[in-house]
Amino acid sequence: MITITINKRTKAGKLLFEMAKLLSEKEKSGVTIEEGKPRYNKETETAIKEARNRKTSSVDLENFRKELYS
Numbered sequence: 000m001i002t003i004t005i006n007k008r009t010k011a012g013k014l015l016f017e018m019a020k021l022l023s024e025k026e027k028s029g030v031t032i033e034e035g036k037p038r039y040n041k042e043t044e045t046a047i048k049e050a051r052n053r054k055t056s057s058v059d060l061e062n063f064r065k066e067l068y069s
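Under numbering that gives the first Met the number 0, think of the first position of the sequence shown as 0, with each following residue one higher.
So this is what it looks like as structure tokens:
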């Protein structure tokens, strides 16, 4: 068994990961993919994804302070 760490942010990493995914779909290829656990809990991961996709809402600073200190 060999473990390979792939940086999916680079072109080469994306290409290698996609190739491994295609190979893992075939049962006799001997390739399996196990992705690591997320760094944060589900709520934080969802918030990060929303922020990256610009699905956020603006909050008034005064209202934020009221909620924070109440």
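Heads up, the beta-carbon is just placed ideally off N, CA and C, and yes, glycines get one too.
Once DSSP output is grouped into helix, strand and coil, what is the label at residue i?
{"i": "M18", "result": "helix"}
{"i": "R71", "result": "Because the chain here runs from 0 to 69, residue 71 falls outside it and cannot be looked at."}
{"i": "G12", "result": "helix"}
{"i": "E34", "result": "coil"}
{"i": "K27", "result": "helix"}
Starting from residue i, trace the alpha helix (DSSP H) both ways and give me its first and last residue.
{"i": "I47", "result": "41 to 51"}
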